[in-house]
Amino acid sequence: MISRRERALSYAILIVFAALATLPLIGVLTSALAPRSQSSASFSWPDRLDWGNFSEAWAEGHFATYLASSVLVTVSVVLLTAVLAILAGYSFAHFTYPCRSLLFYTTLIGLMVPPEAFVIPLYFNLRSLGLTDSYWSLILPQTAQSLAFGIFWMRNFFRSVPSSVIEAARLDGASDWRVLWQILVPSGRPALVTMAMLVFMWTWNEFLLPLVMITNESKRTAPLGLAFFQGEHTTQFSLLAAASVIVALPVVILYVFLQRHFISGMLSGAVKG
0 MISRRERALS YAILIVFAAL ATLPLIGVLT SALAPRSQSS ASFSWPDRLD
50 WGNFSEAWAE GHFATYLASS VLVTVSVVLL TAVLAILAGY SFAHFTYPCR
100 SLLFYTTLIG LMVPPEAFVI PLYFNLRSLG LTDSYWSLIL PQTAQSLAFG
150 IFWMRNFFRS VPSSVIEAAR LDGASDWRVL WQILVPSGRP ALVTMAMLVF
200 MWTWNEFLLP LVMITNESKR TAPLGLAFFQ GEHTTQFSLL AAASVIVALP
250 VVILYVFLQR HFISGMLSGA VKG
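Numbering-wise (numbering that gives the first Met the number 0), the sequence shown opens with residue 0 and increments by one.
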């Protein structure tokens, strides 16, 4: 039984860490809403709020184009990763075939290799195929990067499903394909949402691959566009803060709407190793 003092101490610690996490966000928001005359790199509360910084940053930074590119790349990566991770995870969890464990652990090597280690040879390989400066040069590598985690995550979820559920479905005449898509996938929505959100955030925030692969301005993603915008407005802190909020907002909105599934999946999506 937790005593009142222990509960109060726990809440106090949580409040302190929440304040530490929230304070930088408040600083960015106040800077984004500060008038040009009060724009500063340090934290300060403006006398009035200037919402025009967002429209100005949006227009000058061409963020409509950059966000459209990011949405296209990110949604494509999430969908491809989800489908391939479901198929591979189900295979590793419930099928028996030679070298299954070896293949699985070989796949996990992808979790240990940083993108910086292969981005240069990857660039030359994609250039030889004529794929650089295209959306495929972002979608295919980032799908491959996310697959190791996705397969690991979905395999653990499928292994956590009681075998009696699968056996009962097969006794009723359900094929493996039907068991997967009509029984396991619907029941694994929290785990799927968690995986999709993590892949979404990783893909949305990716900077190195677009920097190396993309030279066409119309195909720049939002983080890359923000970096170029920062280079052009180095001392205009209000515009930089407003642009940062614009780029981060889709991830925040997605998390707000899906946080219940995200937390549920984090708690139960990877029960078994």
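Just so you know, even glycine gets a beta-carbon here, dropped at the ideal spot from N, CA and C.
Can you tell me whether residue i is buried or exposed? The criterion is at least 16 other CB atoms within 10 Å of its CB, across all chains shown.
i, result
"Phe228", "buried"
"Tyr89", "buried"
"Ala269", "No answer about Ala269 holds up, because its pLDDT of 43 lies below 50 and its placement is not dependable."
"Leu183", "buried"
"Tyr104", "exposed"
"Thr95", "exposed"
"Ser174", "exposed"
"Thr233", "exposed"
"Ile85", "buried"
"Ser68", "buried"
"Val77", "buried"
"Trp176", "exposed"
So, helix, strand or coil for residue i, using DSSP?
i, result
"His260", "helix"
"His232", "coil"
"Trp50", "coil"
"Met111", "coil"
"His93", "helix"
"Val255", "helix"
"Ile150", "helix"
"Val160", "coil"
"Leu65", "Note that residue 65 is Tyr in the sequence shown, not Leu. Three-state result, Tyr65: helix."
"Pro249", "helix"
"Ala269", "With a pLDDT of only 43 at Ala269, under 50, the local geometry of the prediction cannot be trusted, and no value is derived from it."
"Asn155", "helix"
"Ala58", "helix"
"Ala173", "coil"
"Ser133", "coil"
"Thr80", "helix"
"Pro34", "coil"
"Leu239", "helix"
"Thr220", "coil"
For residue i, report the span of its alpha helix (DSSP H) as first-last.
i, result
"Tyr104", "Arg99 to Thr106"
"Ile25", "Arg3 to Ala31"
"Arg126", "Val118 to Ser127"
"Ser209", "Before going further, note that residue 209 is Pro rather than Ser in the sequence given. Unbroken alpha helix (DSSP H) run through Pro209: Leu207 to Met212."
"Trp44", "Taken as a continuous stretch (DSSP letters only), Trp44 belongs to no alpha helix (DSSP H), as it is neither H nor E."
"Thr193", "Arg188 to Trp203"
Can you confirm whether residue i, when its beta carbon is compared against all beta carbons of chain C, has any partner nearer than 7 Å?
i, result
"Thr105", "The structure shown contains no chain C, having only a single protein chain."
Just confirm the distance between the C-beta atoms of residue i and residue j, as a whole number of angstroms; I'd bet it's less than 8 Å.
i, j, result
"Val244", "Ala31", "5 Å"
"Phe156", "Gly187", "5 Å"
"Val27", "Ala221", "Rounded, the Cβ-Cβ distance is 16 Å, inconsistent with contact."
"Thr80", "Ser145", "4 Å"
"Glu225", "Ile213", "For the record, residue 225 in the displayed sequence is Leu; it is not Glu. Between Ile213 and Leu225 the Cβ distance is about 14 Å, and since that is not below 8 Å, they are no contact."
"Ala33", "Pro45", "4 Å"
"Arg35", "Ser237", "6 Å"
"Val211", "Tyr122", "5 Å"
Query raised in the report: Any contact of the segment 45-62 with the segment 186-203, i.e. 3+ C-beta pairs under 8 Å?
Result: These segments do not touch.
Query raised in the report: Can you find at least 3 beta carbon pairs, one from the segment 158-168 and one from the segment 125-143, that sit closer than 8 Å?
Result: Verdict: no, contact absent.
Query raised in the report: Okay, do the segment 113-127 and the segment 44-55 touch, 3+ Cβ pairs below 8 Å being the bar?
Result: Below 8 Å, too few C-beta pairs join the segment 113-127 and the segment 44-55 to call them touching: fewer than three.
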